[in-house]
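A quick write-up on the structure given underneath.
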Amino acid sequence: MENIKWLWSIMDKKYHKWHIIALCISAVTSLMLLINPTLQKQLVDDVIIAQNPDPLLGILFTMLAVRVFREALRYLMIILLEKGSQNVIFNLRVRLFTRLQHQDTRFFDRHRTGDLMTRMSADTDWCRHFLSFIDYSAIDSVVMFLSTSIYLFWINWKLALLLVCVTPMLMLITKVYSKGSRKLFMAMRERQSEMNAAAQENIAANRVIKAFAREEHEKEAFDKRSAAFRDAHLAINKRWLTFFPLIEILANAMTLITVFFGGYLMIQGEMTAGDLTVFTSLSWALSVPMRQLGNLLNDWQRFITCSNKVMELEMSRADIVDAPDAVDHERVQGGIEFRNVSFNHDSTTVLRDVSFKVEPGKTLAIMGPTGSGKTTIIQLLARCYEVKNGEILVDGCPIKRWKLQQLRDGIGTATQDVFLFSDTVEGNIAFGDQELTEEQVRDFARRAAAGDFIEKLSDGYDTIVGERGVGLSGGQKQRIALARALAVQPGILIMDDTTSAVDMETEQYIQQQLRELPYDCTRIIIAQRISSVKDADEILILKDGAISERGTHQELLQNRGYYWETFCLQNGIDADKGPSDKEVK
404 MENIKWLWSI MDKKYHKWHI IALCISAVTS LMLLINPTLQ KQLVDDVIIA QNPDPLLGIL
464 FTMLAVRVFR EALRYLMIIL LEKGSQNVIF NLRVRLFTRL QHQDTRFFDR HRTGDLMTRM
524 SADTDWCRHF LSFIDYSAID SVVMFLSTSI YLFWINWKLA LLLVCVTPML MLITKVYSKG
584 SRKLFMAMRE RQSEMNAAAQ ENIAANRVIK AFAREEHEKE AFDKRSAAFR DAHLAINKRW
644 LTFFPLIEIL ANAMTLITVF FGGYLMIQGE MTAGDLTVFT SLSWALSVPM RQLGNLLNDW
704 QRFITCSNKV MELEMSRADI VDAPDAVDHE RVQGGIEFRN VSFNHDSTTV LRDVSFKVEP
764 GKTLAIMGPT GSGKTTIIQL LARCYEVKNG EILVDGCPIK RWKLQQLRDG IGTATQDVFL
824 FSDTVEGNIA FGDQELTEEQ VRDFARRAAA GDFIEKLSDG YDTIVGERGV GLSGGQKQRI
884 ALARALAVQP GILIMDDTTS AVDMETEQYI QQQLRELPYD CTRIIIAQRI SSVKDADEIL
944 ILKDGAISER GTHQELLQNR GYYWETFCLQ NGIDADKGPS DKEVK
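Add 403 to a position in the sequence shown, counting from 1, and you land on the number used in the numbering used here.
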């Protein structure tokens with residue numbers, strides 16, 4: 404019932420009454436099934452047996468009118484149910500998408516994309532299926548069985564009692580079937596999620612797969628997941644088919660009981676021919692609910708399994724949210740301070756006691772071996788993850804007291820791993836600020852050294868960029884991403900290996916443009932090239948999550964540490980002999 408209450412709360416209130424009306428129509432139309440058998444009884448007893456044709460046309464016309472009116476009501480019922488169920492699935496998908504947009508980075512670390520897509524599509528559709536089919540089918544079956552049983556008892560209680568006695572056996576079968584079916588449905592749902600996740604990963608990584616000629620290997624791996632999903636589906640069907648023959652036998656037994664025992668009562672004079680016609684006509688009204696019961700249980704178990712997954716996502720809450728005492732800030736000015744910051748990712752230590760300070764408008768460069776925690780610093784600055792030990796301040800205010808929207812609006816990030824949307828080049832550059840003019844877009848593209856190659860594209864700035872920037876080189880994608888970061892005019896500009904795929908001449912041009920930006924901002928540069936960081940006001944060297952060196956370009960060269968070794972390596976200098984003064988400059 405909790406799942407139904409939750410689903411009901413998602414539906415707009417104006418649709419509540421229409422859904423209730425639809426369920427009432429379902430009950431009324433089930434009761435109307437008793438009308439025509441009653442008219443058939445009159446037709447047999449008062450027309451055929453009595454050899455009296457006078458009521459014939461009236462009875463036939465009434466039967467036709469009842470049939471047409473019932474179908475019209477059913478048509479109206481379906482429309483009302485669809486309106487309500489479509490409203491629910493619309494609201495549900497909007498709420499789920501909104502929830503995903505505000506989730507923490509750690510949430511996406513834990514959940515596979517394929518599983519989230521399954522929840523957003525197949526699982527939500529089963530929630531709609533409950534409101535458009537399962538609930539009214541259950542009402543149909545219950546009302547049909549109860550009303551038919553009462554009516555048949557009223558006509559002849561002996562035959563009706565004999566027919567209804569089959570029900571306890573059916574209930575026993577149903578209980579045994581339901582006992583283990585839910586685990587099977589949960590297993591099937593997990594296999595489906597794994598299959599979808601594998602498909603999504605392969606589509607996203609198709610270039611890598613082709614580059615390594617792993618098509619057959621990936622096909623075999625997907626076949627295994629697909630086979631696991633198939634086997635889980637077959638296990639459910641096998642369990643249902645084990646009980647289905649018993650249900651069919653009980654349902655068909657009602658017809659045999661009606662014919663043999665009803666015929667006997669008619670011979671004994673306890674029933675008329677019309678009474679037997681009613682039993683013959685309505686025996687299906689007792690057996691159909693029995694036949695449908697198994698299918699309804701299957702649908703119910705699948706609805707419960709899928710809705711639990713959707714509820715888990717819809718009710719999840721981000722850990723990183725605005726603090727109750729968060730204050731408003733007009734703009735990020737660019738002051739940054741890390742105070743003894745330590746951070747663990749699960750059980751792995753990523754940062755250890757990191758402290759540094761950057762004044763507004765200054766440039767900080769960060770270097771270090773792979774895995775030393777460079778990218779983690781910028782993720783913590785934007786509160787993608789929460790600091791457990793230590794404190795981070797922006798403009799003298801702890802970031803926990805910044806409103807997330809205002810903090811992240813003031814940070815422009817361009818990373819080495821670029822994601823571009825399936826949109827125009829102009830749309831990608833203006834992603835962070837939809838109010839940019841065409842001239843501003845072109846200006847920021849020029850500053851990112853992207854203007855020349857964009858002009859040469861088939862449609863210039865109106866060229867549609869393929870998903871993830873298909874059709875562009877790595878350097879071109881990086882420059883568009885840099886233009887996108889510049890376009891939001893941030894107080895803090897973060898460049899995480901942004902120029903790793905561009906040539907030295909282009910890099911120098913970009914650095915010159917960054918010094919001439921039309922707005923003030925603090926720059927954080929994460930790079931491995933000495934040429935990218937040597938002009939920074941301060942350079943930090945990270946090693947094993949801690950700051951091992953810090954200083955300016957000249958100061959770090961004198962330290963003869965990691966920075967010195969990197970400088971010598973990139974400039975073809977023998978570290979043992981040391982560079983000349985000219986080489987150092």
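Where is the CB? At the ideal position from N, CA and C, for every residue including glycine.
Requested in this report: For residue 505, collect the residues of the same chain with a Cβ closer than 6 Å to its Cβ; drop the 5 residues on either side in sequence, then sort them by chain order.
Outcome: 721
Query raised in the report: How would you call residue 419, buried or exposed, if buried means at least 16 neighbouring beta carbons within 10 angstroms?
Result: exposed
Query raised in the report: Taking the alpha-carbon positions, what's the residue 592 to residue 534 distance?
Result: 20 Å
Query - CB of residue 890 within 8 Å of CB of residue 927, strictly - result: no
Query raised in the report: Roughly how many whole angstroms lie between the Cα atoms of residue 635 and residue 621?
Result: The straight-line gap from Cα to Cα measures roughly 21 Å.
Report task. Report yes if the C-beta distance between residue 600 and residue 515 is below 8 Å; otherwise report no. Result -> yes
Query raised in the report: Given residue 813, which residues of its chain have a CB within under 7 Å of its CB, disregarding the five upstream and five downstream residues?
Result: Short of 7 Å from the beta carbon of residue 813, and not among the five residues preceding or following it, lie these beta carbons of its own chain, in chain order: 734, 735, 893, 894, 895.
Query raised in the report: Does DSSP classify residue 767 as helix, strand or coil?
Result: strand
Requested in this report: Measure the C-alpha to C-alpha separation of residue 877 and residue 909 and round it to an integer number of angstroms.
Outcome: 14 Å
Query - Where the beta strand (DSSP E) through residue 746 begins and ends - result: 739-748
Report task. Please look up how many angstroms separate the CB atoms of residue 686 and residue 714, rounded, as I've assumed it's under 8 Å. Result -> Not a contact, Cβ separation roughly 41 Å.
Query - Chain-order list of residues whose beta-carbon lies under 6 Å from that of residue 768 (same chain, five-residue window excluded) - result: Excluding residues within five positions, the ones whose Cβ falls inside 6 Å are 928, 936, 939, 942.
Report task. Please confirm if residue 801 has its CB atom under 8 Å from at least one CB of chain B. Result -> Looking for chain B here will not work: only one protein chain is present.
Requested in this report: Mark residue 703 as exposed unless 16 or more other C-beta atoms lie within 10 angstroms of its C-beta, in which case mark it buried.
Outcome: buried
Query raised in the report: Ordered along the chain, which non-local residues of its own chain (more than five positions away) have a Cβ less than 8 Å from that of residue 950?
Result: Spatial neighbours of residue 950 in its own chain (CB-CB distance under 8 Å, excluding positions within 5 residues in sequence) are listed in chain order as 757, 758, 759, 943, 944.
Query raised in the report: Any idea which residues DSSP pairs residue 571 with across the strands?
Result: DSSP, once it has assigned bridges, lists no residue as partnering residue 571.
**Report entry** Option nearest residue 930 by Cα separation, candidates 822, 478, 970
**Finding:** 970
Report task. Mind checking who residue 946 pairs with in its DSSP beta bridge? Result -> 949
Query raised in the report: Which residue's Cα is closest to the Cα of residue 689: 552, 415, 806?
Result: 552
Query - Identity of the residue in 438, 496, 457, 450 nearest residue 468 by Cα - result: The option with the nearest alpha carbon to residue 468 is 438.
**Report entry** Burial state of residue 416, where buried means 16 or more other Cβ atoms lie within 10 Å
**Finding:** exposed
Query raised in the report: By how many angstroms is the C-alpha of residue 782 removed from the C-alpha of residue 800?
Result: 18 Å
Requested in this report: Return yes when the Cβ of residue 806 is within less than 8 Å of the Cβ of residue 729, no when it is not.
Outcome: yes
Query - Among 737, 854, 616, 540, the one whose alpha carbon lies nearest that of residue 383 - result: Only positions 404 to 988 of the chain appear in this structure, which leaves residue 383 out of reach.
**Report entry** Contact belief for residue 779 with residue 810 at Cβ below 8 Å, rounded distance in angstroms
**Finding:** With 8 Å as the limit, residue 779 and residue 810 do not qualify as a contact, their Cβ atoms being about 17 Å apart.
Query raised in the report: Which runs of the alpha helix (DSSP H) spanning at least 4 residues fall entirely within the stretch 558-641, listed in chain order?
Result: 560-567, 569-607, 609-614
Query raised in the report: So residue 904 packs on residue 817, CB below 8 Å; how close in whole Å?
Result: The pair is not a contact, with the Cβ atoms about 12 Å apart (cut-off 8 Å).
Query - With 16 other Cβ atoms within 10 Å as the buried cut-off, status of residue 648 - result: exposed
Query raised in the report: Quick one: is the Cβ of residue 478 within less than 7 Å of any heavy atom of the ligand SAM?
Result: Ligands are entirely absent from the displayed structure, and the ligand SAM is therefore not among its contents.
Query raised in the report: Skipping 5 residues on each side, what residues in its chain have a beta carbon closer than 7 Å to that of residue 985?
Result: Legend: pLDDT at residue 985 = 49, less than 50; position of this residue unreliable, no value from coordinates given.
**Report entry** Beta-ladder partner(s) of residue 941, from DSSP
**Finding:** 767
Requested in this report: Just confirm the distance between the C-beta atoms of residue 827 and residue 865, as a whole number of angstroms; I'd bet it's less than 8 Å.
Outcome: Confirmed, about 5 Å.
Report task. Output yes or no for whether 8 Å exceeds the beta carbon distance between residue 716 and residue 499. Result -> A Cβ-Cβ contact shorter than 8 Å links residue 716 with residue 499.
Query raised in the report: Since residue 794 is in the beta strand (DSSP E), which residue starts that stretch and which ends it?
Result: 792-797
Query raised in the report: Would you report the Cα separation of residue 558 and residue 413, rounded to the nearest angstrom?
Result: The C-alpha of residue 413 is placed about 45 Å away from the C-alpha of residue 558.
Report task. Report the residue from 829, 604, 840, 883 whose alpha carbon sits nearest the alpha carbon of residue 852. Result -> 883
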